[in-house]
Each structure stands twice: as structure tokens, then as C-alpha cells.
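If you want our numbering, it's the position in the sequence shown, counting the first as 1, plus 101.
Note that the Cβ used here is the ideal one computed from N, Cα and C, for glycine as well.
For clarity, every value in this text was computed on a predicted model and none was experimentally measured.
Here's the structure we're looking at; comments come further down.
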Amino acid sequence: MGGTSAAELVKALLAAYAAKDRDAAERLISADFHFSSPLDNRIDRETYFTICWPNSKLIEGFEIEHLFADEDKAAVTYVGRSLSGKRFRNTEVFMCRDGQITDVEVYFGWWVPHEVPLGHHVDQR
Numbered sequence: 102m103g104g105t106s107a108a109e110l111v112k113a114l115l116a117a118y119a120a121k122d123r124d125a126a127e128r129l130i131s132a133d134f135h136f137s138s139p140l141d142n143r144i145d146r147e148t149y150f151t152i153c154w155p156n157s158k159l160i161e162g163f164e165i166e167h168l169f170a171d172e173d174k175a176a177v178t179y180v181g182r183s184l185s186g187k188r189f190r191n192t193e194v195f196m197c198r199d200g201q202i203t204d205v206e207v208y209f210g211w212w213v214p215h216e217v218p219l220g221h222h223v224d225q226r
């Protein structure tokens, strides 16, 4: 896989995002990169940098809770910290090839602390 493990690529991209270092992120992300989330359906690299990357200005950093990697795949769950002090939990799945990230799927939706009382359910908002 080009000498850089999937786990190292995940950590490097999260660090670049928190540092607002687009040059570093561009080196980590492949030309044929695709990004998916509840708001994005397999958008390409150019669209990712146009629509998603500017949100990095709102982020202070990430605390990795879980990171699992196997050859060219990795999954990470982290608590992100916004500059406003809000904390949120996301899980991302990464696919990598030749030392670059080719695909990311992001799963999000919770705040920390959880807004739903312990042991309760709320209908979708």
C-alpha cells in the first residue's frame, strides 16, 4: 500500500483538517477520491475541497476513541471539538491505495454529551 498504513493516513488527514493544512490533505487524497456522508453521495475530490474542506475552519481538533485498520481499510470513531466548544462524535470508514486515501464514508449525528436522555428515544427531527 505504498509504505503508509491506512491507520497512519487516517491520523494524518485528521491532523491536516484540524491544522487547516489543505496542502497536506491534497497530498493524502487520491485524484480519484470520493466522499460520502448523510449529506454527500459519493462526491468527487474537487467537490469535497469546494464544499466540505471549508468546514475545517470551524474545527479545533479530534480525539480518536477507536481506530481499526486492516491493510487498505480503516475505521475511526472520534470526538471532534469545534472552535465554539461544541463536541460531536463521528465514525468514518476509509479506503486507501498506494499510500493515499481513495474513499471516505462519514457517519454522524450525535452531540457529546448525548442530547437524548439515557434510556430514551426521540423521533427523527
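Beta-carbon spacing of residue i, residue j below 8 Å
i	j	result
S106	A176	no
A119	G162	yes
D124	T203	no
L110	L140	no
L159	S131	no
V207	E193	yes
S157	K121	yes
Counterpart residues of residue i in DSSP-defined beta bridges
i	result
C153	Looking at the DSSP assignment, C153 forms no beta bridge with any residue, so it has no partner.
V217	Paired residue(s): none; V217 is not in a bridge.
L184	For L184, which the question treats as bridged, DSSP gives no partner whatsoever.
D141	S138
E62	Residue numbering for the chain in the displayed model covers 102 to 226; residue 62 lies beyond these limits and cannot be assessed.
E193	V177, V207
D171	K174
Local conformation of residue i per DSSP, three classes
i	result
V111	helix
D204	strand
T105	coil
E147	helix
K158	helix
D124	helix
8 Å contact criterion, which residue i and residue j should meet: CB distance rounded
i	j	result
F189	F209	7 Å
>> Is it the case that the segment 208–226 contacts the segment 144–157, given that we only count it when at least three CB pairs across the two stretches are under 8 Å?
In response: The segment 144–157 is not in contact with the segment 208–226.
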